[in-house]
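> Position 170 (the sequence shown) corresponds to 174 in our numbering; numbering is contiguous.
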Amino acid sequence: SFRLSDILRVRGRGLFGYRHVLPQSGHERLLGGDRGGENGADDTRMRFSFVSLERDSSGGGDHLVVGEFGPESGGRRLGRIPVGADSRRVEVIDVHEPGIPRMQGAAVVDGTWFVTASHGSRPGDLWVGSGGTWVRHPAVLPPGPEDLTASHDGRRLWSLCEYPRKRWVFAIDAERWRDETPS
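1. Is residue 151 helix, strand or coil when you go by DSSP?
2. Can you tell which of 155, 178, 165 has its C-alpha closest to the C-alpha of residue 59?
3. Measuring CB atoms only, is the segment 98 to 114 touching the segment 69 to 76, in the sense that at least three cross pairs come out at less than 8 Å?
4. Pull up the DSSP beta-bridge partners for residue 160, would you.
5. Quick one, which of 110, 181, 57 has its alpha-carbon nearest residue 81's?
6. State the Cα-Cα distance for the pair residue 4 and residue 182, rounded to the nearest angstrom.
7. Within 10 angstroms of its Cβ, does residue 174 collect 16 or more other Cβ (buried), or is it exposed?
8. Short of 6 Å in beta carbon distance, which residues of its chain neighbour residue 52, apart from the five on each side in sequence? Order them along the chain.
9. Does DSSP classify residue 66 as helix, strand or coil?
10. Could you spell out where the beta strand (DSSP E) holding residue 3 opens and where it closes?
11. How big is the Cα-Cα spacing for residue 23 and residue 168?
12. Using 10 angstroms around the beta-carbon of residue 64, count the other beta-carbons present and answer buried if the total reaches 16, otherwise exposed.
13. What does a CB cutoff of less than 8 Å around residue 30 pick up in its chain, not counting 5 residues either side in sequence?
14. Can you list, in chain order, the residues of its chain whose CB lies under 6 Å from that of residue 49, leaving out five sequence neighbours each side?
15. State the start and end residues of the unbroken beta strand (DSSP E) segment that holds residue 108.
16. Between which two residues does the beta strand (DSSP E) harbouring residue 86 extend?
17. So which of 17, 165, 12, 95 has the shortest CA-CA distance to residue 129?
18. According to the neighbour-count rule (16 or more other Cβ atoms, all chains shown, within 10 Å of its Cβ), is residue 86 buried or exposed?
19. With respect to the beta strand (DSSP E) encompassing residue 128, which residues constitute its N-terminal and C-terminal limits?
20. Cutting at 6 Å between CB atoms, please list the residues of its own chain near residue 116, excluding the five before and the five after it.
The following block contains the structure:
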């Protein structure tokens, strides 16, 4: 974990050209998020490629939404981590393997998952799903879509692009894409 109040200015030319550093202040041991056999046999721990915050308006508690980038041949996993529960125990729950290649970001709004997927210099895809059913909306995002987060009211999804000379921050209407997802 990191505390933004710990940002330090580096003297001189800086470390690798950076003028500021943010030292790590702690870490948590991850539980869950295993893939494979019974009792953790042959498991592969989740490797976090992206994270967002799911705000729960129903009082069930907020969650971190996490996921793994995977190559063209197959996607990786998505999961949720309860926030503010027992601080000594960090567990990935609600793990999904949607088979979405090149996942770059995910957000959950009222039980609906939204996932960005990249295609290099070509426009990106938005995947929408819940309960194991996923709908691909091809080429509806700018090239190189990355992390995804929802506005406080859940009506807008914010993302950014990583593709060179096309680095934008943008928002899309979450309701439009949720309404096009079959139940």
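Heads up, the beta-carbon is just placed ideally off N, CA and C, and yes, glycines get one too.
All figures in this text were calculated on a predicted structure; none of them were measured in a lab.
Concretely, from the data shown:
1. Position 147 of the sequence shown, counted from the start, is the residue given in the question as residue 151. Reduced to three states, the DSSP call for residue 151 is strand.
2. Taking the sequence shown and counting its residues from 1, one reaches residue 59 at position 55. Measuring from the Cα of residue 59, the nearest candidate turns out to be 155.
3. Yes, they touch.
4. Looking up residue 160 in the sequence shown gives position 156. According to DSSP, residue 160 bridges with 177.
5. Translated into the one-based positions of the sequence shown, residue 81 becomes position 77. The shortest C-alpha separation from residue 81 is found at 110.
6. No information on residue 4 is available, as it lies outside the stretch 5 to 187 that the chain covers here.
7. Taking the sequence shown and counting its residues from 1, one reaches residue 174 at position 170. The residue is exposed, with fewer than 16 neighbouring Cβ atoms inside 10 Å.
8. Sequence index remark: in the sequence shown, residue 52 carries index 48 (1-based). For residue 52, the CB contacts under 6 Å within the same chain, skipping 5 residues up- and downstream, are 70 in chain order.
9. In the sequence shown, the residue the question calls residue 66 occupies position 62. Residue 66 sits in coil when the DSSP states are folded into three classes, being neither helix nor strand.
10. Nothing can be reported for residue 3: it is not among the residues displayed for the chain, which extend from 5 to 187.
11. Residue mapping note: residue 23 aligns to position 19 of the sequence shown, counting from 1. Residue mapping note: residue 168 aligns to position 164 of the sequence shown, counting from 1. Roughly 23 Å separates the two Cα atoms.
12. Residue mapping note: residue 64 aligns to position 60 of the sequence shown, counting from 1. In this structure residue 64 is exposed. Its beta-carbon is surrounded by fewer than 16 other beta-carbon atoms within 10 angstroms.
13. Residue mapping note: residue 30 aligns to position 26 of the sequence shown, counting from 1. Answer for residue 30: 5, listed in chain order.
14. Here the question's residue 49 lines up with position 45 in the sequence shown. If we look at residue 49 and ignore the five residues flanking it on each side, it has no Cβ neighbours.
15. Residue numbering aside, residue 108 sits at position 104 when the sequence shown is read from its first letter. Per DSSP, residue 108 belongs to the beta strand (DSSP E) from 107 to 113.
16. Counted from its first residue, the sequence shown places residue 86 at position 82. Looking at the DSSP string, the run of the beta strand (DSSP E) that includes residue 86 is 82 to 86.
17. In the sequence shown, residue 129 corresponds to position 125, counting from 1. If you compare the alpha carbons of 17, 165, 12, 95 with that of residue 129, the shortest gap goes to 165.
18. Position 82 of the sequence shown, counted from the first residue, corresponds to residue 86. Buried: at least 16 other Cβ atoms inside 10 Å.
19. Translated into positions along the sequence shown, residue 128 becomes position 124. Run containing residue 128: 126 to 134, per the beta strand (DSSP E) assignment.
20. The count along the sequence shown starts at 1 and reaches residue 116 at position 112. Excluding residues within five positions, the ones whose Cβ falls inside 6 Å are 134, 182.
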